Amino acid sequence: NAGVTQTPKFQVLKTGQSMTLQCAQDMNHEYMSWYRQDPGMGLRLIHYSVGAGITDQGEVPNGYNVSRSTTEDFPLRLLSAAPSQTSVYFCASSSGAGVVGTQYFGPGTRLLVL
Amino acid sequence: TQLLEQSPQFLSIQEGENLTVYCNSSSVFSSLQWYRQEPGEGPVLLVTVVTGGEVKKLKRLTFQFGDARKDSSLHITAAQPGDTGLYLCAADNYGQNFVFGPGTRLSVLP
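The structure is reproduced here in structure tokens:
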């Protein structure tokens, strides 16, 4: 099993550009989520999904869109990139929400918005 | 949203020393997890604690959940350079998702 994979590993964008961060898992997990990690602030939840076709907002959803058309994939879209979105983005999956399932994290995408 | 605080923010120690890091909140948690994150990688789950007063041991790591379920500690005995990393606590937001603390960055020098 590859676990949770994320692409790209690094990306530089100009303000106003859009892009999609890809996330895929091969563990047949229903629960997937996107976090951003900034220095001194830990991980903050952007969006999450409890199954295909179901998504919900986390703590910091503004400027980001998600969709979940399959169990395996959970892409994160930046609609119009801003310098405040410079961060490291992590995707995670688990077999259930909360303590029901262990969260497995991908290796992250480091994004720089100029 | 629960606010989690972690202390210390940074810790640098020599190999063989013992250390304790803390995770605190003014709110009661239903459960709490500890993760370790190495540079360039995602966090990896170390332990989940769910019962007030619970103590779990993972080799040289001892995790304790406070009786009131508002705080937790991680104690490392005889630290090794391989323990170096960012230690994150995360509190269960009533089964929907987790809220993470800012982390303690540990450096163990050989």
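Chains A and B, in that order, are what the protein sequence lines are. If you read the first sequence in my numbering, its first letter stands for residue 152, the second for the next number, and so on. If you read the second sequence in my numbering, its first letter stands for residue 7, the second for the next number, and so on. Idealized CB from N, CA, C, for every residue including glycine. Just so it is clear, the structure is predicted and the values come from calculations on it, not from any experiment.
Residue pairing for B:Q39: DSSP places it in a beta bridge opposite B:T54, B:A96. Taking C-beta separations shorter than 7 angstroms and ignoring five residues to either side along the sequence, the partners of A:A153 in its chain run D177, following chain order. Near chain B, meaning a CB-to-CB distance below 9 angstroms, the residues of the segment 208-225 of chain A are G209, E210.
Burial is judged here by how many other beta carbons sit within 10 angstroms of a residue's own beta carbon; B:I82 has at least 16 and is buried. Distances from the CA of B:V56 to each of B:D98, B:L9, B:L10, B:S113 were compared; the closest alpha carbon is that of B:D98. Contact with chain A is found for B:G48, since one of that chain's Cβ atoms lies less than 8 angstroms from the residue's Cβ.
Among the bridge pairs identified by DSSP, A:G202 is matched with A:I205.
Under the Cβ criterion of 8 angstroms, B:L51 is counted among the residues facing chain A.
Within chain A, no C-beta atom comes less than 7 angstroms from the C-beta of B:G59; the nearest is roughly 17 angstroms away. If you look at B:L9, you'll find it isn't in any beta strand (DSSP E); DSSP assigns it neither H nor E. Burial is judged here by how many other beta carbons sit within 10 angstroms of a residue's own beta carbon; A:T156 has fewer than 16 and is exposed.
Counting the other CB atoms within 10 Å of its CB gives B:L9 a total below 16, which places it among the exposed residues.
The beta-carbon distance between B:Y93 and B:L112, rounded to whole angstroms, is 6 angstroms. This is short enough to meet the 8 angstroms contact definition. If you check the CB distance, B:A96 and B:Y28 do not come in under 8 angstroms.
The Cβ atoms of B:N30 and B:E11 sit closer than 8 angstroms to each other. Under the 8 angstroms criterion on CB atoms, B:F106 is classed as interfacial with respect to chain A.
Under the three-state reduction of DSSP output, B:G91 falls in the strand class.
In terms of CA proximity to B:E44, A:G257 leads the group A:D224, A:I205, A:Q162, A:G257.
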